[in-house]
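According to our numbering, the sequence shown is numbered sequentially starting from 34.
Cβ atoms here follow ideal geometry from the backbone N, Cα and C, with glycine treated the same way.
All figures in this text were calculated on a predicted structure; none of them were measured in a lab.
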Amino acid sequence: GLKPTGDAGGDCRDFKQSGQTYSRVGKSHDRWAVLYSYYLPKVQGKEEQHRHHWLTVVVWLAFDTCPDDARVFSRRGVSYSTSPGNFDTIRPNTLFTDDEYGLGTHHIVAYDAGQPIFPSSSGPVSALRPPLVGWQNLPSLVKEQFNGMQYKHTKVPFSDNNFQGFLDAVYSDAFYKDMPIGEDCGSDDPPQSEIDPDFGEALPTSTAPVAEPTDDALRR
34 GLKPTGDAGG
44 DCRDFKQSGQ
54 TYSRVGKSHD
64 RWAVLYSYYL
74 PKVQGKEEQH
84 RHHWLTVVVW
94 LAFDTCPDDA
104 RVFSRRGVSY
114 STSPGNFDTI
124 RPNTLFTDDE
134 YGLGTHHIVA
144 YDAGQPIFPS
154 SSGPVSALRP
164 PLVGWQNLPS
174 LVKEQFNGMQ
184 YKHTKVPFSD
194 NNFQGFLDAV
204 YSDAFYKDMP
214 IGEDCGSDDP
224 PQSEIDPDFG
234 EALPTSTAPV
244 AEPTDDALRR
């Protein structure tokens, strides 16, 4: 079921599994962002069909105060992965649902078995919420595994080697039009638990994807 043929779902859509969705908080151009990535064992789009794929969304934020009150922020934009290394930064119609604090911070996305991920138009009623694991809560050995993964057709977006490059590549000045860069809060960066309270500890049953070694050059 993992070959890029047959059923597009490949009997791989078990959303009760833990550890398939990962998040990491960072900055680019002095702006805060949260990167979310969902692992797929295969992709079966019109242009490419191959094993291993990461669906990635980056939510850009602006903080109204320094991280002493990190929950005081506003959404500025969303970047959607369209293919490995490429993102759409101009979609204005993202829907959000409230978190436990009543803030509309959770973006609702859709996927149709191809490479791109895009804004959902149906709202949160039937939306799935697979488990979310924050990078900073992963055990060191798991981080090392992700940092060492090499795929033929994609990259791990949130690994130490790739994370900053992904944020820099998907940033758009249009997200922060007419908004000055906020006050420098020094080294008091908000922890991921404050920016995204839904991330959790990696569970013992986490199913971290295993890459197949390849000598081919990585393609973005």
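Here the alpha carbons of L200 and D63 stand approximately 11 Å from one another. When rounded, the separation of the alpha-carbon atoms in K188 and D211 is 34 Å.
S205 and F196 have their alpha carbons spaced roughly 16 Å apart.
Beyond the five residues adjoining it in sequence on each side, V91 comes within less than 6 Å, by CB distance, of A66, L68, S112 and V203 in the same chain, given in chain order. Here V90 carries a strand assignment [DSSP, helix/strand/coil].
T54 sits away from P190, with the two beta carbons spaced by 7 Å or more. Judged by their CB atoms, S70 and W87 are nearer to each other than the 7 Å cut-off. The secondary-structure analysis by DSSP pairs Y55 across a beta bridge with S70 and V166.
Under a 10 Å Cβ-count criterion, L171 is classified as buried, with 16 or more other Cβ atoms of the shown protein chains found around its own Cβ. Between S56 and G167, the CB-CB gap stays under 7 Å. Going by DSSP, N195 is part of no alpha helix (DSSP H) at all; its letter is neither H nor E.
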